[in-house]
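In short: position in the sequence shown from 1, add 31, done, that's this note's numbering. Ideal Cβ placement from N, Cα and C applies to all residues, glycine included. Predicted model only: the values in this text are computed from it and were never measured. Data first, discussion second: the structure below is written as structure tokens.
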Amino acid sequence: MRHAFPIVIALSLACTAIAFADEVKLSNGDVLTGTIVETTDAGVVLDHPALGKITIPKEQLATPPAAPEAPADQPPAPAVPETPPAPPEQTSAIKVFFAGWNGKLEIGFSGSDGDSDTFNLRLAGELKRENDETRLKLDTAYFLSTSSGTQTENKFTAGVRHDWLIPDSPWFFFAEGRVDIDNFAGYDWRLSGAVGPGYQFVKNEKYELLGRIGLGAYKEFGSNDNKIHPELVAGLEGLWNISANQKITGSIEVRPALDELSKVRIVSKVEYSLKLPEWDNTSLKLGVEDEYETKPSAGSSRNDVKYYGALVYEF
Numbered sequence: 032m033r034h035a036f037p038i039v040i041a042l043s044l045a046c047t048a049i050a051f052a053d054e055v056k057l058s059n060g061d062v063l064t065g066t067i068v069e070t071t072d073a074g075v076v077l078d079h080p081a082l083g084k085i086t087i088p089k090e091q092l093a094t095p096p097a098a099p100e101a102p103a104d105q106p107p108a109p110a111v112p113e114t115p116p117a118p119p120e121q122t123s124a125i126k127v128f129f130a131g132w133n134g135k136l137e138i139g140f141s142g143s144d145g146d147s148d149t150f151n152l153r154l155a156g157e158l159k160r161e162n163d164e165t166r167l168k169l170d171t172a173y174f175l176s177t178s179s180g181t182q183t184e185n186k187f188t189a190g191v192r193h194d195w196l197i198p199d200s201p202w203f204f205f206a207e208g209r210v211d212i213d214n215f216a217g218y219d220w221r222l223s224g225a226v227g228p229g230y231q232f233v234k235n236e237k238y239e240l241l242g243r244i245g246l247g248a249y250k251e252f253g254s255n256d257n258k259i260h261p262e263l264v265a266g267l268e269g270l271w272n273i274s275a276n277q278k279i280t281g282s283i284e285v286r287p288a289l290d291e292l293s294k295v296r297i298v299s300k301v302e303y304s305l306k307l308p309e310w311d312n313t314s315l316k317l318g319v320e321d322e323y324e325t326k327p328s329a330g331s332s333r334n335d336v337k338y339y340g341a342l343v344y345e346f
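What follows is the structure in structure tokens.
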């Protein structure tokens, strides 16, 4: 009888272990009893009293394994804060007014060597719009110089050029016009224009080069020359993007008069631009412009050279 007491204790412990054991039901109807060590998406790891630790794939389970519960002493994972929506992009009044256009405004200093030797103010502006069918450019510039309180230069110029593009072709047709007002030339103001074909030789991210040739005419007002002079117009325009922040542009236009072949006008310009990273859409420009005439109007010299520097705002 005294040997029965340990047996009773052992049976009680066994029954208690069985009572608190985990049961895993298999898809074939069998039931395994043990301690579930781990539950994953792949299956269940069971510590069986006879078989030891075994892994039962989820395909053999009667029901999918439940997701493992986090330990009671482990705090819940912090909630990931939602990323606030980006604020709407600020659009300036200039961009709204000139929607569809690219433009720039310039202000700076200027110098000249020719009709006048001065150093003073230069203002300029430009608008461009381009699509698959047309390319339109408007430009204007104003020069004002004084020396010892006396005005030595007062010149205004404005031009328009319209290119009609041919789809999938480097050829295009152009028409252009310009007005020049100069208080220190041999005329008060001058109108000129031209039409003709053009050809795009190169156009890629680094280089651009195009040429134009056409027929035109000009007329001076406020001078002794009252004739309308027909002329041939031939020109080149180029662009070199040195880097993301630097570029060089240049152009030359030759205009020989058809009614007097010895009378030729040549207008050339070279400009260097450097973007200023400290100021958005702002760059520094340095340039040289020359207008040469073999037979200038009375009171004008053959060469009118201007050099200038300016701050440029693009929009």
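Integer-rounded CB distance, given that residue j should sit under 8 angstroms from residue i
i    : j    : result
G189 : V210 : According to the sequence as given, residue 189 is Ala; it is not Gly. Confirmed, about 6 angstroms.
S282 : G266 : 7 angstroms
L169 : V191 : 5 angstroms
Q231 : P261 : Contact doesn't hold; Cβ gap of about 27 angstroms is too wide.
L263 : Y238 : Incorrect: roughly 27 angstroms between the Cβ atoms, too far for contact.
F140 : G340 : 6 angstroms
K159 : W132 : 7 angstroms
Residue interval of the beta strand (DSSP E) (run including residue i)
i    : result
E251 : 238-252
S314 : 313-324
F215 : Segment: none, F215 is in no beta strand (DSSP E) and carries neither H nor E.
L175 : 165-178
Q277 : 277-287
P261 : 259-272
A189 : 181-196
P88  : 83-88
S299 : 295-306
Sub-8 angstroms separation of residue i and residue j beta-carbons
i    : j    : result
K316 : E157 : no
A248 : S328 : no
F187 : Y218 : no
T280 : E302 : yes
A172 : L154 : yes
N334 : D321 : yes
L57  : V75  : no
Cβ neighbour criterion (16 or more within 10 Å) applied to residue i
i    : result
V343 : buried
G65  : buried
E309 : exposed
H34  : Only weak support exists for where H34 lies, its pLDDT of 46 falling under 50; the value from the coordinates is given anyway. Counting Cβ neighbours within 10 Å, H34 comes out exposed, since fewer than 16 surround it.
F36  : In this prediction, F36 has a pLDDT of 40, which is less than 50 and means its spatial position is unreliable; what the coordinates show is noted afterwards. Exposed, since its Cβ has fewer than 16 Cβ neighbours within 10 Å.
D213 : buried
D72  : exposed
V233 : exposed
Below-8 angstroms beta-carbon distance, residue i vs any chain D residue
i    : result
Y218 : Of the protein chains in this structure there is only one, and it is not chain D.
With a threshold of 8 angstroms, are at least 3 pairs of Cβ atoms found where one atom belongs to the stretch 158-168 and the other to the stretch 176-184?
Result no; under three Cβ-Cβ pairs closer than 8 angstroms.
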